[in-house]
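Residue numbers (the working numbering), protein chains in the order written: chain U, 7 to 256; chain H, 552 to 828.
Note that CB positions come from ideal geometry on N, CA and C, so glycine has one too.
Beneath this line is the structure, given in structure tokens, with notes to follow.
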């Protein structure tokens, strides 16, 4: 637990400074705003507690979008990377398209998806999957290409089939890279879910944030942000934990 | 890093009750005629002829970059020559050569995600053996080759010498009649290297194969081989062929100071330096 000591201390200090600045009205004065528009950490904390069931219900909606979207991207990304690795022709043809997929502006795509597929989970899932696809695929592909060619020679001389070379050498070599890509993806997946909800939604933390913004419920808005960050940190942490358990050789 | 185990060096120390399928593997002959190969624009091997008898240990020494590793890969079926003919056990097709030869690369290339015994048993697993079946076969050799107790260790926990021994076990367990060893002890310090040479001599005594041993160390070649060929700088050709007085003698220290051995070593070094015959 020593690992958490220093970060928590830093967070505590920053929160402390914020608390003092907000309660004395220093920030509000500096920005020339009403006091209630700049909530202090204690106000955010009490909003978190008062609205806990509302926040929890919406958090679950957003979490579902993130998990399903990430899951789809993981399946699609891994398959795509393996296919590009096994076929030189496919790689040369599809790699530029892969890079282009990253440049599609999510903000523009999201409303279009809502027009096509409505207010259901579909468009959000699509946005999250799109945002997660690139880091997963590129990192996996790099991992597969980082295999030591001498290790392949060693396997060939030991009668390994192509499949056995993939399972015993290429896939384990790529595994740390897969986790890298997955961790990056999961950190930005939450952003994708929020954009999807902003484009068209009747529930979820992103939807709640839009409402709170319009109604100047700033404390609850910040509380929703805290919950979103907590979700992202928790998912990242779960992946890091899985990595430590699975990749035991690094 | 764990402490190194004591290595058995006498052929008798390798003997235990019960046999392993790798024992008494029939050696295959190697025949190379008019071999020619290039690396891009660079001609690496030219007009190369060589014959190796079954169960013979052939040492190959030559200057750096002369094409020794390429030669091993060509023999083992990992590469196809541009010209000439390579036959192992009478067969020239790449698949046949690949099936008959086990190439041991310079680096141990132990897979870090497997423990020592799974690394050693790789050839058996690739051949379709189940994990416990493969492990029990490898288990016997671990004890025999002085690695007892380290079966479940990860490669990162083993010393350099032990990793090379596991890599050699991996090569042996493939059951192939021909072993192509590419500078197996180059990455080891001088003391470990001397010990490993004694160990290999004992291992080959207990389990004879046809061996092509590439090394830059003339003394090592003369100690371990029945016959040593010296290669010219690139493009490689055989410029000398020598026989040590006694191949794989049990007392290494006595053997390498023996005047007959020293004389042959001088001849080899002379040939390496490009002097007249």
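Cα-Cα separation, residue i to residue j
| i | j | result |
| --- | --- | --- |
| residue 6 of chain U | residue 157 of chain U | Past the boundaries of the shown model lies residue 6 of chain U; chain U is included only from 7 to 256, so the question cannot be answered. |
| residue 705 of chain H | residue 795 of chain H | 38 Å |
| residue 646 of chain H | residue 632 of chain H | 14 Å |
| residue 595 of chain H | residue 619 of chain H | 9 Å |
| residue 252 of chain U | residue 97 of chain U | 28 Å |
| residue 72 of chain U | residue 134 of chain U | 6 Å |
| residue 760 of chain H | residue 719 of chain H | 13 Å |
| residue 752 of chain H | residue 791 of chain H | 23 Å |
| residue 112 of chain U | residue 26 of chain U | 38 Å |
| residue 742 of chain H | residue 749 of chain H | 11 Å |
| residue 146 of chain U | residue 703 of chain H | 29 Å |
| residue 722 of chain H | residue 238 of chain U | 48 Å |
| residue 740 of chain H | residue 747 of chain H | 10 Å |
| residue 32 of chain U | residue 220 of chain U | 24 Å |
| residue 609 of chain H | residue 593 of chain H | 26 Å |
| residue 233 of chain U | residue 76 of chain U | 19 Å |
| residue 24 of chain U | residue 240 of chain U | 24 Å |
| residue 179 of chain U | residue 150 of chain U | 7 Å |
| residue 701 of chain H | residue 667 of chain H | 7 Å |
| residue 171 of chain U | residue 181 of chain U | 15 Å |
| residue 787 of chain H | residue 823 of chain H | 12 Å |
| residue 81 of chain U | residue 803 of chain H | 59 Å |
| residue 119 of chain U | residue 110 of chain U | 13 Å |
| residue 669 of chain H | residue 10 of chain U | 37 Å |
| residue 12 of chain U | residue 123 of chain U | 46 Å |
| residue 66 of chain U | residue 21 of chain U | 26 Å |
| residue 246 of chain U | residue 90 of chain U | 26 Å |
Proximity below 8 Å, CB of residue i to CB of residue j
| i | j | result |
| --- | --- | --- |
| residue 772 of chain H | residue 766 of chain H | yes |
| residue 613 of chain H | residue 781 of chain H | yes |
| residue 654 of chain H | residue 615 of chain H | no |
| residue 769 of chain H | residue 599 of chain H | no |
| residue 660 of chain H | residue 160 of chain U | yes |
| residue 57 of chain U | residue 210 of chain U | no |
| residue 671 of chain H | residue 717 of chain H | yes |
| residue 745 of chain H | residue 696 of chain H | no |
| residue 78 of chain U | residue 131 of chain U | yes |
| residue 727 of chain H | residue 816 of chain H | no |
| residue 45 of chain U | residue 28 of chain U | yes |
| residue 101 of chain U | residue 207 of chain U | no |
| residue 785 of chain H | residue 617 of chain H | yes |
| residue 776 of chain H | residue 658 of chain H | no |
| residue 83 of chain U | residue 143 of chain U | yes |
| residue 93 of chain U | residue 225 of chain U | no |
| residue 175 of chain U | residue 196 of chain U | no |
Residue nearest to residue i in terms of C-alpha spacing, selected from the options
| i | options | result |
| --- | --- | --- |
| residue 200 of chain U | U:220, U:84, U:230, U:180 | U:230 |
| residue 814 of chain H | H:802, H:801, H:825, H:797 | H:797 |
| residue 256 of chain U | H:662, H:599, H:610, H:651 | H:662 |
| residue 603 of chain H | H:623, H:682, H:741 | H:623 |
| residue 774 of chain H | H:786, H:787, H:739, H:811 | H:811 |
| residue 691 of chain H | H:724, H:681, H:664 | H:724 |
| residue 50 of chain U | U:248, U:223, U:249, U:217 | U:223 |
| residue 779 of chain H | H:640, H:681, H:700, H:819 | H:819 |
| residue 128 of chain U | U:198, U:13, U:247 | U:198 |
| residue 217 of chain U | U:61, U:48, U:19, U:47 | U:61 |
| residue 228 of chain U | U:173, U:39, U:47, U:248 | U:47 |
Same chain only: Cβ atoms within 6 Å of residue i, ignoring 5 sequence neighbours per side
| i | result |
| --- | --- |
| residue 649 of chain H | 628 |
| residue 582 of chain H | 602, 638 |
| residue 212 of chain U | 200, 203, 204 |
| residue 214 of chain U | 64, 230 |
| residue 732 of chain H | 655, 764 |
| residue 736 of chain H | 744, 747 |
Sequence-distant residues of the same chain with beta carbon closer than 7 Å to residue i, five excluded per side
| i | result |
| --- | --- |
| residue 242 of chain U | 189, 192, 193 |
| residue 809 of chain H | 796 |
| residue 588 of chain H | 595, 596, 621, 625, 632, 633 |
| residue 15 of chain U | none |
| residue 236 of chain U | none |
| residue 734 of chain H | 657, 765, 766, 767 |
Cβ-based neighbour list, residue i, same chain, cut-off 8 Å, excluding 5 preceding and 5 following
| i | result |
| --- | --- |
| residue 636 of chain H | 582, 583, 584, 585, 586, 643 |
| residue 606 of chain H | 578, 759, 760, 761 |
| residue 6 of chain U | No information on residue 6 of chain U is available, as it lies outside the stretch 7 to 256 that chain U covers here. |
| residue 684 of chain H | 675 |
| residue 574 of chain H | Confidence is the limiting factor: at residue 574 of chain H the pLDDT is only 49, short of 50, which leaves the residue's position unreliable and the question unanswerable from this model. |
Residue i Cβ short of 7 Å to the ligand HEM heavy atom set
| i | result |
| --- | --- |
| residue 254 of chain U | In terms of ligand content, the structure shown is empty, and the ligand HEM therefore cannot be addressed. |
At least three beta-carbon pairs within less than 8 Å, the stretch 181-197 of chain U to the stretch 131-149 of chain U: yes
Any 3 or more C-beta pairs closer than 8 Å across the stretch 671-687 of chain H and the stretch 159-176 of chain U: yes
The stretch 115-127 of chain U touching the stretch 176-190 of chain U, judged by at least three CB pairs closer than 8 Å: no
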